[in-house]
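K.L.:
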Amino acid sequence: MKLNTEFMRETFIASLGGIPKTMLITILTLLVSIPIAFAMALSKLENKKVSSKFVTAYVSFIRGTPIVLQILFIYSLLPSTLNHLIKDVLGLSVNVFKMNKIVYAIIVFSLNNIAVLTELFRSALGTVGHGQMEAAMTVGLTKRQAYRRIIIPQALVAALPNLCNTVIGLIKNTSLAFLMAVQEITAISKMKAAAGYYYIEAYLMIALIYIIVCTVVQLLFALIEHQLSAYKKRLAV
Amino acid sequence: MHPFHPSYVFTVLVQLFPYIGVTLLMMLGTVIFGGAIGILLAKAKIKRRIVPRAIAEVYTYLTRCVPSIIMLFIVYYGVPALLLQFGININNFNKGVFVITAFSILFASNLGEVFRAAYLAVDPGQREAAVCSGLSEFQAFYRIILPQAAVHALPNFSNMLVNLMKEGALAYSIGLIDVMGEGNLLIGRNQGSYTLETYLGMAIIYWALTYVIELIFGKLEKNLSKGKKHATSVA
Amino acid sequence: MLFSVKNVSKAFKDNQVLKKVDLEVNKGDVVVILGPSGSGKTTLLRCIDFLEKADGGELDFDDIHTDLSHASAKTIEKVRKKSAFVFQNYNLFANKTALQNVTEGLTIGRKVPKDEAIEIAKKALDKVGLSDKYDSYPVQLSGGQQQRVGIARAIAVNPDIILFDEPTSALDPELVGEVLKIMRELAGEGITMIVVTHEMKFAQDVATKVVFMDGGVVVEEGTPKEIFTNPKEERTREFLMRILPDFNYSI
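Written as structure tokens, this is what we have:
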């Protein structure tokens, strides 16, 4: 089999242009979902009955169904719902159907990611021993202070490896944003591929770009982990 | 907005029910072939011989970064073209072959990690004790280590199965007619009139499958981990 | 009297761990609570500091009077600010250095200015012999050193009373001595303490009062001399016989 290397080079460069959009979706999704997921994890841990039941059902539904289905489902529901909400309820004159498709992508991925992160934060908070909270109470800290100063910093370090996996999962999932007509990495090279019938070349190049993006993300996380986990090292540096 | 017909959700459930078999078959095939590669990967990583280990690590790293849909497309378009060079035409093969191939390549590394973690979770003293009581290495592995490792593997394996099922829904994009594929065909046939109802029905099926998988593995774990329970003590 | 609890009761499900326990502590007292495991002594200590919510009982501590089962958040905070707790497994804040472990309760819990807090914390760490470990994280310290930081964290806030929950039980035998030595020094300085422990020698030498608990009740209390040489209750004798090989008593 002979690969069209010239086409591969072109596709690679063209698809690089999709990286900013992929990263934009990823970062905005994280900014939306991290605080909400954290609040949900806390409400589940502190065992507030009503909210914890809702959280459990939500997390279970999202984690139990394919993301592609969530995308198709919400994408078919969202525009008309938003339209109704904005026009009839809020009385604004925004044309939802002309809104940037990225907004839909961020809503869909946030809804998904909140569920994943809620579980992640819950288990990370669980890794911090109960004794840490007790000790914080006995030295006179309030619960809020104990969370902020003692529990969360430790939970964050425990969460980092899984958080890295989640971010990589999210980036991989954004490859499905083309279903919502967002022009990110996959969408761009799919178009190029279809134009020239060089499918295999195009997809190999997309794979390569995702590998590069994921490598950068993993290096970043390794760096952060190194910075934050100084207290876990047995020998002082 | 289009009126919502809850009763049609039920119709969808009935129509899609037979296609659960396709979804499960796809999972089974992936577990068998991906599992075989996974065992090799796990072995290479545990034995620590430099070349196989490096290959296994690189393989795991690369497949971890590639989105399922891209791997599906690579296999679907790439493998037939590759084999055609050798005069083998597989363009008319069942779509399932491509789906299982793509997911086996991807999930081999996940399965390998499940196996490796489970193996390492068993105390090395178990093997030592087995060998010292006269079992061969092979017997020690099958009779002592494997049963304990299997229990450790269950929660991760269950997780992996659920992920595989969810990612597997992407197979519709190369034309596999499973729950997802038939659901999409249904929407096409209805010319978009029952879209939400159909998606909801599909979601319910996947949600139920997840629930059943987690239930079965939860029960299995409970039954098999009897040797691990501590004697109940009063604080 | 500085401190007393009355009628403390606590059950975990069907298991009645504390059955109307009373305890009185005067200023400068070192009260040692002895008893077999499961006797409820640790639970009593944890109920006093509201780490465990008692089912019933009253607490008098200086000017504070409260019900143990439904104390207000404010009262709990007041009790905790006047007391300190030393844990069996140290519970040092894993993400803080030894010095930060000690300053945390001062700067955050009690609003002491940072510079002043650091001065106090250094003095406390010097006192427990850890002048060279200010910047070490808990994982870098031995068990004995960690527990000494735990004690420094307790004394730094200048509490009216320190509660010790089996402070040496998690330590390797060769490290027990360094912790007990510091506790003896504190007792010598007149710091009020309640100590749950299995260290009989410490109880004999240091305690002003020994309380023997078994099955969720106080079986007997008295001076070390009374308890160790002339226990009145059969259960106390049995316990001492089991735990002290050279224990003799006359019938």
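Chains as they are written, first to last, in this note's numbering: chain A, 1 to 237; chain B, 1 to 235; chain C, 1 to 251.
Where a beta carbon is used, it is the ideal one built from N, C-alpha and C, also for glycine.
I'd like to check one pair, C/A121 with C/A154: are the Cβ atoms closer than 7 Å?
P.N.:
The sequence position of residue 154 of chain C within the third sequence is 154, counting from 1. The sequence position of residue 121 of chain C within the third sequence is 121, counting from 1. No, they are not a contact pair.
K.L.:
Would B/G192 be called buried (16 or more neighbouring beta carbons within 10 Å of its own) or exposed?
P.N.:
For the purposes of this step, residue 192 of chain B is taken as residue 192 along the second sequence, with counting starting at 1. It counts as exposed.
K.L.:
What would DSSP say about B/I177, mapped onto helix, strand or coil?
P.N.:
Here residue 177 of chain B is taken as the residue at index 177 of the second sequence, counted from 1. For B/I177, the three-state secondary structure derived from DSSP is coil.
K.L.:
Examine chain A for any beta-carbon lying closer than 7 Å to the beta-carbon of B/A130, and answer yes or no.
P.N.:
Taking the second sequence and counting its residues from 1, one reaches residue 130 of chain B at position 130. Not one chain A Cβ lies under 7 Å of B/A130.
K.L.:
In chain order, what residues of the same chain have a beta carbon less than 7 Å from the beta carbon of A/I34, not counting five sequence neighbours either side?
P.N.:
As a position in the first sequence, residue 34 of chain A is number 34, starting the count at 1. Closer than 7 Å at the Cβ level, and outside the excluded window around A/I34, lie L117.
K.L.:
Do the region 112 to 124 of chain B and the region 30 to 40 of chain B meet, that is, are 3 or more Cβ pairs less than 8 Å apart?
P.N.:
yes
K.L.:
Taking 7 Å as the cut-off, decide whether the C-beta atoms of C/D166 and C/T197 are in contact.
P.N.:
Sequence index remark: in the third sequence, residue 166 of chain C carries index 166 (1-based). Sequence index remark: in the third sequence, residue 197 of chain C carries index 197 (1-based). At residue 166 of chain C the sequence reads Glu, which differs from the Asp that was named. Yes, these two residues count as a Cβ contact at 7 Å.
K.L.:
Alpha carbon to alpha carbon, how far is A/S229 from B/E221?
P.N.:
Your numbering for residue 229 of chain A matches position 229 in the first sequence. Your numbering for residue 221 of chain B matches position 221 in the second sequence. So the two alpha carbons sit approximately 34 Å from each other.
K.L.:
Consider the Cβ of B/M1: report whether some Cβ of chain A lies at a distance smaller than 7 Å.
P.N.:
Start at 1 with the first residue of the second sequence, and residue 1 of chain B comes out as number 1. Because B/M1 carries a pLDDT of 49, less than 50, the predicted location of this residue cannot be relied on, and no value is offered for it.
K.L.:
What residue range is occupied by the uninterrupted beta strand (DSSP E) comprising B/G35?
P.N.:
In the second sequence, the residue the question calls residue 35 of chain B occupies position 35. Taken as a continuous stretch (DSSP letters only), B/G35 belongs to no beta strand (DSSP E), being part of the alpha helix (DSSP H) at I20 to K47.
K.L.:
Jot down the residue ranges of each uninterrupted alpha helix (DSSP H) in the region 195 to 251 of chain C, minimum 4 residues, whole runs only, in chain order.
P.N.:
200 to 206, 224 to 229 and 234 to 243
K.L.:
So the alpha helix (DSSP H) A/A222 belongs to, where does it begin and stop?
P.N.:
Within the first sequence, the letter at position 222 stands for residue 222 of chain A. Residues Y199 to L228.
K.L.:
Where does C/D214 land, buried or exposed, given buried means 16+ other C-beta within 10 angstroms?
P.N.:
Against the third sequence, residue 214 of chain C aligns to sequence position 214. Looking at its Cβ environment, which holds 16 or more other Cβ atoms inside 10 Å, C/D214 is buried.
K.L.:
Return the residue from the list C/F239, C/K232 and C/I194 that minimises the CA-CA distance to C/N26.
P.N.:
Numbered from 1 along the third sequence, position 26 holds the residue referred to as residue 26 of chain C. It is C/I194.
K.L.:
Got a sec? Which residues, its chain only, sit under 8 Å from A/L208 by beta carbon, not counting five neighbours each side?
P.N.:
For the purposes of this step, residue 208 of chain A is identified with residue 208 of the first sequence, where counting begins at 1. The answer, listed in chain order, is F12.
K.L.:
Less than 7 Å between CB atoms is the rule here; does B/V12 satisfy it with respect to chain A?
P.N.:
On the second sequence, residue 12 of chain B is found 12 positions in, with the first residue counted as 1. Answer no: the Cβ-Cβ gap between B/V12 and chain A never drops below 7 Å.
K.L.:
What are the start and end residues of the alpha helix (DSSP H) that includes A/Q183?
P.N.:
Along the first sequence, one-based indexing puts residue 183 of chain A at 183. Segment: none, A/Q183 is in no alpha helix (DSSP H) and carries neither H nor E.
K.L.:
Under a three-way DSSP split, which group does C/G65 fall into?
P.N.:
On the third sequence, position 65 is the one that residue 65 of chain C refers to. It should be noted that the sequence gives His, not Gly, for residue 65 of chain C. It is a strand residue.
K.L.:
Would a check of beta-carbon distances place B/I90 closer than 7 Å to chain A?
P.N.:
Numbered from 1 along the second sequence, position 90 holds the residue referred to as residue 90 of chain B. Answer no: the Cβ-Cβ gap between B/I90 and chain A never drops below 7 Å.
K.L.:
What did DSSP end up calling A/I62 once you bin it into helix, strand or coil?
P.N.:
Within the first sequence, the letter at position 62 stands for residue 62 of chain A. Note: A/I62 maps to helix in three-state DSSP.
K.L.:
What are the uninterrupted segments assigned as beta strand (DSSP E) that are 3 or more residues long and contained completely in the region 134 to 162 of chain A, given in chain order?
P.N.:
none
K.L.:
Just the Cα atoms here: how many angstroms apart are C/F212 and C/S136?
P.N.:
Along the third sequence, one-based indexing puts residue 212 of chain C at 212. Along the third sequence, one-based indexing puts residue 136 of chain C at 136. So the two alpha carbons sit approximately 38 Å from each other.
K.L.:
May I ask you to report which of helix, strand or coil DSSP gives C/F85?
P.N.:
In the third sequence, counting from the first residue as 1, residue 85 of chain C sits at position 85. Correct three-state label for C/F85: strand.
K.L.:
Apply the 10 Å Cβ neighbour rule to C/S83 and answer buried if 16 or more other Cβ atoms are within range, or exposed otherwise.
P.N.:
For the purposes of this step, residue 83 of chain C is identified with residue 83 of the third sequence, where counting begins at 1. Buried: at least 16 other Cβ atoms inside 10 Å.
K.L.:
Within a Cβ cutoff of 7 Å, which residues of the same chain sit near B/L164, ignoring the five residues on either side of it in sequence?
P.N.:
Translated into the one-based positions of the second sequence, residue 164 of chain B becomes position 164. So the list reads M27, T30, F103 and F107, once near-sequence residues are dropped.
K.L.:
Return helix, strand or coil for A/V89, following the three-state DSSP convention.
P.N.:
Position 89 of the first sequence, counted from the start, is the residue given in the question as residue 89 of chain A. Helix at A/V89.
K.L.:
Is there a Cβ from chain A that is less than 7 Å from the Cβ of B/T63?
P.N.:
For the purposes of this step, residue 63 of chain B is identified with residue 63 of the second sequence, where counting begins at 1. By this cut-off, B/T63 is not an interface position.
K.L.:
Smallest Cα separation from C/M183: which of C/K127, C/T223 and C/V210?
P.N.:
Locating residue 183 of chain C in the third sequence gives position 183, counting from the first residue. Minimum Cα distance to C/M183 is reached at C/K127.
K.L.:
Helix, strand or coil: which one does DSSP assign to C/Q16?
P.N.:
Taking the third sequence and counting its residues from 1, the one referred to as residue 16 of chain C is at position 16. In the structure shown, C/Q16 sits in a strand (DSSP, three-state: E or B).
K.L.:
Tell me the rounded alpha-carbon separation between B/L170 and A/T215.
P.N.:
Taking the second sequence and counting its residues from 1, one reaches residue 170 of chain B at position 170. Taking the first sequence and counting its residues from 1, one reaches residue 215 of chain A at position 215. Looking at the two C-alpha atoms, the distance is approximately 24 Å.
K.L.:
Is any beta-carbon of chain B found at less than 7 Å from that of A/V68?
P.N.:
Here residue 68 of chain A refers to the residue found at position 68 when the first sequence is read from its first residue. Judged by the 7 Å Cβ criterion, A/V68 is in contact with chain B.
K.L.:
What residues in the region 86 to 114 of chain C bring their beta carbon closer than 7 Å to a beta carbon of chain A?
P.N.:
F87, N89, N91, F93, A94, N95, E104, G105, I108, G109 and R110
K.L.:
C/L45 and C/L163: beta carbons closer than 7 Å?
P.N.:
To locate residue 45 of chain C, count along the third sequence from 1; it is residue 45. To locate residue 163 of chain C, count along the third sequence from 1; it is residue 163. Yes.
K.L.:
Distance, Cα to Cα, A/M205 vs A/Y75?
P.N.:
For the purposes of this step, residue 205 of chain A is taken as the residue at position 205 of the first sequence. For the purposes of this step, residue 75 of chain A is taken as the residue at position 75 of the first sequence. For the pair A/M205 and A/Y75, the Cα-to-Cα distance works out to about 28 Å.
K.L.:
Residues in the region 38 to 64 of chain A with C-beta within 7 Å of chain C's C-beta atoms, listed in sequence order?
P.N.:
Correct list: empty, as no residue qualifies.
K.L.:
I'd like the list of long-range same chain contacts for A/S28, defined as Cβ closer than 7 Å, with 5 residues on each side in sequence excluded.
P.N.:
Sequence index remark: in the first sequence, residue 28 of chain A carries index 28 (1-based). Looking at the sequence provided, one finds Leu at residue 28 of chain A rather than Ser. Excluding positions up to five away in sequence, the list reads I106.
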